[in-house]
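Have a look at the structure below, then the notes.
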Amino acid sequence: MQKKTLLGVAAAVLIGLTGQALAQNPPAVTTRKVEGTDNVYIFRYGGHQSIFIVTKAGVIATDPISYLRPAKPYIDEIRKVTDKPIKYVIYSHHHYDHIAGGKPFKDAGATFVAHKNAVAKFKELKKQNSLHADVVMPDRAVGDKSTIKLGETTLELVWVGRNHSDNSLVMRLPKEKIAFTVDFAPIEAVQFRNMPDNASPLENIASLKKLASLDWERMIPGHPYAGGR
Ligand SMILES: [Zn+2]
0 MQKKTLLGVA AAVLIGLTGQ ALAQNPPAVT TRKVEGTDNV YIFRYGGHQS
50 IFIVTKAGVI ATDPISYLRP AKPYIDEIRK VTDKPIKYVI YSHHHYDHIA
100 GGKPFKDAGA TFVAHKNAVA KFKELKKQNS LHADVVMPDR AVGDKSTIKL
150 GETTLELVWV GRNHSDNSLV MRLPKEKIAF TVDFAPIEAV QFRNMPDNAS
200 PLENIASLKK LASLDWERMI PGHPYAGGR
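Numbering that gives the first Met the number 0 puts the sequence shown at residues 0 to 228.
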């Protein structure tokens, strides 16, 4: 019942947030400011989404989402909004379709942040020589609850347990009451195909309950919500 409530809340939120844009068959790259915020943007790149937050002291970006495609459109979209430096890239989890393409962000001076469990995954990929050249290792590993402060913005990073991966971070903006989650809390759906890091379904449900217990009103997912109106 708890799960049903969570998905219901999330669906209502997402219909309000993206329903109109999705109905118009948008192009591969779109960026829009989240309604009701001063500085939170959703960057959509084909079937993937990231958020970035523009502060007086620079930009907090999230997943580069540039697997087998250039990351330039993401940086170009940020540059359309601000010329402030990109200070951070926060990884939601270590899966390639979300982490690929970090290099130009690194070249621009960004610090890469991931949950501590992700570090072993990156090292494993490197050991197997299967870490693509454009993927950047995390510079900073965070624990189960941490905070990034930049300019006037506070971004909370919360690990809610093993789910779709063992290193998924919820990115929560306390002031805006927005949560950005990637892959582990699909909207009006259940877990996609498999549980890549061997989490049990019970652990997954527990992590959804933890997500639901956090103080947020709107959730932005790492893939555009396909349900629409
Ligand atoms: Zn994933």
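Every residue gets a Cβ at the ideal spot worked out from N, C-alpha and C, and that includes glycine. Every value quoted in this text rests on a predicted model; they were computed, and no experiment measured them.
Between the beta-carbon of threonine 36 and the beta-carbon of phenylalanine 51, is there less than 8 Å? As a working note, residue 36 is residue 37 in the sequence shown. As a working note, residue 51 is residue 52 in the sequence shown. The answer is no: Cβ separation not under 8 Å.
Excluding the five sequence neighbours on either side, which residues of its own chain have a C-beta within less than 7 Å of the C-beta of glycine 160, listed in chain order? Here residue 160 refers to the residue found at position 161 when the sequence shown is read from its first residue. Sequence-distant partners of glycine 160 (beyond 5 residues in either direction) whose C-beta falls short of 7 Å from its own C-beta, in its chain, are Glu202, Ala205, Ser206, Lys209.
Proline 63 to aspartate 214 span [Cα, whole Å]: For the purposes of this step, residue 63 is taken as residue 64 along the sequence shown, with counting starting at 1. For the purposes of this step, residue 214 is taken as residue 215 along the sequence shown, with counting starting at 1. In this structure, the alpha-carbon of proline 63 lies about 26 Å from that of aspartate 214.
Below 8 Å on the Cβ atoms is my guess for arginine 217 versus isoleucine 177; work out the distance and round it to an integer in Å. Within the sequence shown, residue 217 is the residue found at index 218, counting from 1. Within the sequence shown, residue 177 is the residue found at index 178, counting from 1. Right, the Cβ-Cβ distance comes to about 5 Å (below 8 Å), so this counts as a contact.
Quick check on threonine 54: buried or exposed, where buried means 16 or more other Cβ atoms within 10 Å of its Cβ? Residue mapping note: residue 54 aligns to position 55 of the sequence shown, counting from 1. Buried, by the Cβ-count rule.
Cβ neighbours of alanine 70 in the same chain (closer than 6 Å, five flanking residues each side left out): Residue mapping note: residue 70 aligns to position 71 of the sequence shown, counting from 1. Within the same chain, and ignoring the five residues on either side of alanine 70 in sequence, the residues whose Cβ sits closer than 6 Å to its Cβ are Pro63, Gly100, Pro103.
Just curious, the alpha helix (DSSP H) that glutamate 216 is in, first and last residue? Position 217 of the sequence shown, counting from 1, holds the residue named residue 216. Membership of glutamate 216 in any alpha helix (DSSP H) is not indicated, and neither H nor E is assigned to it by DSSP.
Do you know how far the Cα of glutamate 155 is from the Cα of serine 145? Position 146 of the sequence shown, counted from the start, is the residue given in the question as residue 145. Position 156 of the sequence shown, counted from the start, is the residue given in the question as residue 155. About 6 Å.
Extent of the continuous beta strand (DSSP E) to which glutamate 187 belongs: The sequence position of residue 187 within the sequence shown is 188, counting from 1. Where glutamate 187 is concerned, there is no enclosing beta strand (DSSP E), given that its DSSP letter is neither H nor E.
For leucine 16 and alanine 119, what's the separation of their Cα atoms in angstroms? As a working note, residue 16 is residue 17 in the sequence shown. As a working note, residue 119 is residue 120 in the sequence shown. Only weak support exists for where leucine 16 lies, its pLDDT of 45 falling under 50; the value from the coordinates is given anyway. Rounded to the nearest angstrom, the two C-alpha atoms are 35 Å apart.
If you follow the alpha helix (DSSP H) that alanine 70 is in, where does it begin and where does it stop? The residue given as residue 70 occupies position 71 in the sequence shown. If you look at alanine 70, you'll find it isn't in any alpha helix (DSSP H); DSSP assigns it neither H nor E.
Near ligand 1: serine 65 beta-carbon under 7 Å from a heavy atom: Along the sequence shown, read from residue 1 onward, the residue named residue 65 stands at position 66. For ligand 1, not one heavy atom lies less than 7 Å from the Cβ of serine 65.
Please report the residue range of the beta strand (DSSP E) in which alanine 140 lies. Counting from one through the sequence shown, the residue named residue 140 turns up at place 141. Counting along the chain, the unbroken beta strand (DSSP E) around alanine 140 starts and ends at 139 to 141.
For alanine 113, list the residues DSSP reports as bridge partners. Counted from its first residue, the sequence shown places residue 113 at position 114. According to DSSP, which records beta bridges pairwise, alanine 113 is partnered with Ala140.
DSSP on proline 173, reduced to helix/strand/coil? In the sequence shown, residue 173 corresponds to position 174, counting from 1. Coil.
Taking 7 Å as the limit, name every residue whose beta carbon sits nearer than that to some heavy atom of ligand 1, in sequence order. Listed by chain position, these are His92, His94, Asp96, His97, His163, Ser164, Val181, Asp182, Pro195.
With a 10 Å radius around its C-beta and 16 neighbouring C-beta atoms as the bar for buried, classify valine 12 as buried or exposed. What you label residue 12 is simply residue 13 of the sequence shown in a count that begins at 1. Low confidence applies to valine 12: its pLDDT is 45, below 50, so where it sits in the model is not reliable enough to give any reading.
When you compare only the Cα positions, how much space is there between alanine 188 and aspartate 82? Position 189 of the sequence shown, counted from the start, is the residue given in the question as residue 188. Position 83 of the sequence shown, counted from the start, is the residue given in the question as residue 82. So the alpha carbons of these two residues sit roughly 38 Å apart.
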